[in-house]
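Q: Following the UniProt record's numbering, the residues of the sequence shown are numbered contiguously, the last one being 379.
Note that CB positions come from ideal geometry on N, CA and C, so glycine has one too.
Since we're looking at a predicted model, the values are computed, not measured.
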Amino acid sequence: MTMIDRCEVVVLGGGPAGCACALALARLGVADTWVIEAGRYRNLRIGECVPAETRHLLHRLGLMASFAAEGHARSVGGCALWGGPRPGFNDALFNPHGQGFHLDRRRFDAWLAAHVAKGPGRLRLGARFRQAERRGGRWLVTMDDGAKLEASFVVDATGSKAVFARQVGARRIVHDRLICLTGFFAGIEGDEVPTQTFLEAVEDGWWYGARLPNGIMTCAFACDPDTVRRGALGDHRQWLMKLLTTRLLPPHIMGRPLVEGSPFIKAAPSFILDRIAGDGYVAVGDAACAFDPISSRGIHKALSDGIDAAEAVAATRQGERDALARYAEGVVARYETYLKTRTSLYRGEADRRQSSFWHNRLKDAPGSTTNGGGGLYGS
Numbered sequence: 001m002t003m004i005d006r007c008e009v010v011v012l013g014g015g016p017a018g019c020a021c022a023l024a025l026a027r028l029g030v031a032d033t034w035v036i037e038a039g040r041y042r043n044l045r046i047g048e049c050v051p052a053e054t055r056h057l058l059h060r061l062g063l064m065a066s067f068a069a070e071g072h073a074r075s076v077g078g079c080a081l082w083g084g085p086r087p088g089f090n091d092a093l094f095n096p097h098g099q100g101f102h103l104d105r106r107r108f109d110a111w112l113a114a115h116v117a118k119g120p121g122r123l124r125l126g127a128r129f130r131q132a133e134r135r136g137g138r139w140l141v142t143m144d145d146g147a148k149l150e151a152s153f154v155v156d157a158t159g160s161k162a163v164f165a166r167q168v169g170a171r172r173i174v175h176d177r178l179i180c181l182t183g184f185f186a187g188i189e190g191d192e193v194p195t196q197t198f199l200e201a202v203e204d205g206w207w208y209g210a211r212l213p214n215g216i217m218t219c220a221f222a223c224d225p226d227t228v229r230r231g232a233l234g235d236h237r238q239w240l241m242k243l244l245t246t247r248l249l250p251p252h253i254m255g256r257p258l259v260e261g262s263p264f265i266k267a268a269p270s271f272i273l274d275r276i277a278g279d280g281y282v283a284v285g286d287a288a289c290a291f292d293p294i295s296s297r298g299i300h301k302a303l304s305d306g307i308d309a310a311e312a313v314a315a316t317r318q319g320e321r322d323a324l325a326r327y328a329e330g331v332v333a334r335y336e337t338y339l340k341t342r343t344s345l346y347r348g349e350a351d352r353r354q355s356s357f358w359h360n361r362l363k364d365a366p367g368s369t370t371n372g373g374g375g376l377y378g379s
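(1) Going by Cα to Cα distance, which pick from Glu53, Arg326, Arg124, Trp358 is closest to Val35?
(2) Would you kindly check if the distance between the Cβ of His300 and the Cβ of Leu212 is under 7 Å?
(3) Just to check my reading of the structure: Ala170 and Leu273 have Cβ atoms closer than 8 Å, yes? What is that Cβ distance to the nearest angstrom?
(4) Nearest CA to the CA of Gly88: which residue from Thr197, His236, Ala290, Leu243?
(5) Would you kindly work out how many angstroms separate the C-alpha atoms of Arg6 and Leu149, rounded to a whole number?
(6) Suppose only complete runs of 4+ residues qualify. What are the alpha helix (DSSP H) ranges in the stretch 233-282, listed by chain order?
(7) Suppose you measure from the CA of Ala31 to the CA of Val163; what does that come to, to the nearest Å?
(8) DSSP three-state label for Ala38, please.
(9) Find out if the Cβ-Cβ distance for the pair Glu349, Ala201 is shorter than 7 Å.
(10) Taking 7 Å as the threshold (C-beta atoms), are Cys180 and Lys242 in contact?
(11) What are the boundary residues of the beta strand (DSSP E) that includes Ile4?
(12) Could you name the residues of the same chain whose beta carbon sits closer than 7 Å to that of Pro120, not counting the 5 residues immediately before and after it, in chain order?
(13) On a CA-only basis, which of Ala328, Thr341, Ala302, Trp206 is nearest Gly14? Give me that one, please.
(14) For my contact list, Thr227 and Asp204 are in at a C-beta cut-off of 8 Å; report their separation, rounded to the angstrom.
(15) Excluding the five sequence neighbours on either side, which residues of its own chain have a C-beta within less than 6 Å of the C-beta of Ser152, listed in chain order?
(16) Hey, would you say the C-beta of Thr158 is under 6 Å away from at least one heavy atom of the ligand MN?
(17) If you run the structure through DSSP and keep just helix, strand and coil, what is Glu150?
(18) Would you call Glu133 buried or exposed, if buried means 16 or more other Cβ atoms sit within 10 Å of its Cβ?
(19) Mind checking whether Asp156 and Leu12 have CB atoms under 7 Å apart?
(20) With DSSP collapsed to three states, give me the class of Gln131.
(21) Determine the direct distance from the alpha carbon of Leu244 to that of Pro225, and round the result to whole angstroms.
(22) At the level of alpha carbons, what is the spacing between Gly39 and Asn214?
(23) Using 7 Å as the threshold, is the C-beta distance between Ala288 and Ile307 below it?
(24) Quick one: measure Cβ to Cβ for Met217 and Arg247, integer angstroms, because I've assumed they're closer than 8 Å.
(25) Could you give the residue range of the alpha helix (DSSP H) that holds residue 397?
(26) Between the Cα of Cys219 and those of Cys21, Gly47, Gly146, Arg42, spot the shortest distance and give me the residue it belongs to.
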């Protein structure tokens with residue numbers, strides 16, 4: 001007979017959202033928490049920049065001093081070819097919150113997980129969620145190795161696949177299906193590349209680049225799926241040839257070795273779940289809603305969601321029946337604000353472009369983003 005472990009909360013996913021939720025729960029007195037992570041923090045992770053105000057979230061988790069000691073690179077601002085033929089600059093000196101950060105994402109995620117492991121909860125690596133069933137007001141969660149956990153609450157932090165929430169009936173309302181092809185260049189030393197973000201619009205998409213604190217330069221191309229197929233951009237040679245046609249990035253990657261496996265192809269959809277929270281569960285981070293990487297808010301949003309969801313779970317345990325619903329309403333409101341901001345950003349370039357990529361980004365999705373609403377696509 002398989003032994004069933006019991007806990008108060010099981011968090012499925014050990015990325016920034018899941019770890020932030022577990023850490024916040026511990027600070028709120030909910031110590032009986034398990035975090036289940038499918039990986040082992042060994043592979044390169046995509047998503048490297050956080051805005052300056054992220055430091056306030058790290059303070060709330062009690063981690064700012066530890067984060068500062070990690071030595072992630074401070075961002076001095078950005079340089080963008082967007083909306084016109086001349087580069088524009090955004091200097092972090094004028095940001096009231098200070099400088100943002102370029103992260104070694106693999107190390108950042110492992111650092112968060114290490115703090116979870118030091119706490120009163122438990123961290124389990126190398127296990128994937130398989131299925132869940134509701135039994136007598138609690139969840140029975142089964143992993144791919146047959147291990148079982150019984151919990152009062154489940155936090156879905158499985159990323160944009162939203163594996164748990166979709167299995168229990170939630171649907172994604174998808175507003176965009178962007179694709180990102182990300183490559184890494186090694187051998188960056190000293191001050192050879194400034195610690196700023198590079199952004200460059202091209203006819204069929206846009207490029208992003210940033211120097212990371214581990215001697216690596218990351219470059220990513222965001223485009224439509226059919227652009228990847230037509231240009232065979234999964235082939236590193238075709239991707240590299242396209243990169244070399246940009247104006248901002250070639251001086252920083254010429255002569256640098258391309259990390260094996262580059263470019264990495266990853267979907268970057270914009271979507272929101274039609275049910276972000278339900279009876280004994282809540283979705284956080286990209287499992288609840290996913291932003292276009294143009295927003296540079298993915299990690300910040302993940303940490304914020306994790307903290308807010310932890311507060312909602314703790315309040316629910318204290319008898320506040322509408323706490324999870326309030327959390328979900330907050331996610332919806334932030335997503336609707338994001339859609340408006342995103343449209344404004346893309347319109348700044350679409351006004352001078354003819355390609356379908358830019359005008360596709362301006363299409364408004366029909367229906368509501370609240371429970372039961374419609375959308376461009378359901379999945």
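A: For this structure:
(1) Arg124
(2) no
(3) 5 Å
(4) Thr197
(5) 6 Å
(6) 236-243, 250-253
(7) 24 Å
(8) coil
(9) yes
(10) no
(11) 4-12
(12) Ala26, Ala31
(13) Ala302
(14) 5 Å
(15) Glu8, Arg138
(16) As presented, the structure is devoid of all ligands, the ligand MN included, so that no description of it is given.
(17) strand
(18) exposed
(19) yes
(20) strand
(21) 21 Å
(22) 21 Å
(23) no
(24) No, Met217 and Arg247 are not in contact; Cβ-Cβ is about 16 Å, not under 8 Å.
(25) Nothing in the structure corresponds to residue 397, since the chain is present only between 1 and 379.
(26) Gly47
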